[in-house]
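In UniProt numbering, the protein residues as written are 1 to 199.
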């Protein structure tokens, strides 16, 4: 990952409201970069005092909206030992809407489609699920952080949701042949991830 240099952020002039005696920074329409900047600062802190299983940083030091994460396959799972690279892409109105997550490293998993896109509740748009499968509180909420996303993804690796698959073939193998073909495909992905992790 590139060295992490905090980019300069442009803030609007502070505004003082009558009932608040401290400055309040007003972000221009669609600009939530200050909130994302604070998330990035937290990610740097997490890299100094890591949460087991992942690290995060910017892909390009001048773009707060695109992050790279490395996820270590959780112990005692088929993904153990894997080093999986993924990208998080934040929308301009983050945290009102969730980021998108895409594995760059090949991974065979029921909740990751064949293009690498992650499909879990926490990354789904907020509100009601039109299919009635997810509760609103399981979906994206603005209080979620990069850390809560990563913990959810690590949990997904440990315990796939075969009832709502993004990769139907992987889900079928996971249900019907978990210790056979599914396990072989995951083992191949783990080996490949180890070979390419630091390219």
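Yeah, the Cβ is synthetic: ideal placement off N, Cα and C, and Gly gets one too.
Going by other Cβ atoms of all chains shown within 10 Å of its Cβ, with 16 needed for buried, is residue i buried or exposed?
i	result
residue 90	buried
residue 28	Since pLDDT at residue 28 reaches only 47, below the 50 mark, its modelled position is unreliable, and no value is offered.
residue 75	exposed
residue 111	buried
residue 173	buried
residue 191	exposed
Measuring alpha carbon to alpha carbon, tell me which of the options ends up nearest residue i.
i	options	result
residue 98	136, 80, 144 and 61	144
residue 141	126, 130, 133 and 153	126
residue 123	158, 187, 131 and 102	102
residue 81	154, 147, 56 and 131	154
residue 86	118, 188, 164 and 184	118
residue 167	120, 57, 96 and 100	120
residue 175	152, 159, 187 and 190	159
Within this structure, are the beta carbons of residue i and residue j separated by less than 8 Å?
i	j	result
residue 69	residue 156	no
residue 182	residue 197	no
Could you name the residues of the same chain whose beta carbon sits closer than 8 Å to that of residue i, not counting the 5 residues immediately before and after it, in chain order?
i	result
residue 135	129
Closer than 6 Å by C-beta to residue i: which residues in its own chain qualify, once you throw out the five before and the five after it? Chain order, please.
i	result
residue 71	54 and 84
residue 59	66 and 68
Is there a Cβ from chain C that is less than 8 Å from the Cβ of residue i?
i	result
residue 189	The question asks about chain C, but that chain is absent: this structure has only one protein chain.
- Message: If we require 3 or more residues per run, which beta strand (DSSP E) segments fall completely within the segment 95-174?
- Response: Runs found: 100-103.
- Query: Which runs of the beta strand (DSSP E), 3 residues or longer, sit entirely within the segment 55-88?
  - Reply: List check, beta strand (DSSP E) in window: 66-72.
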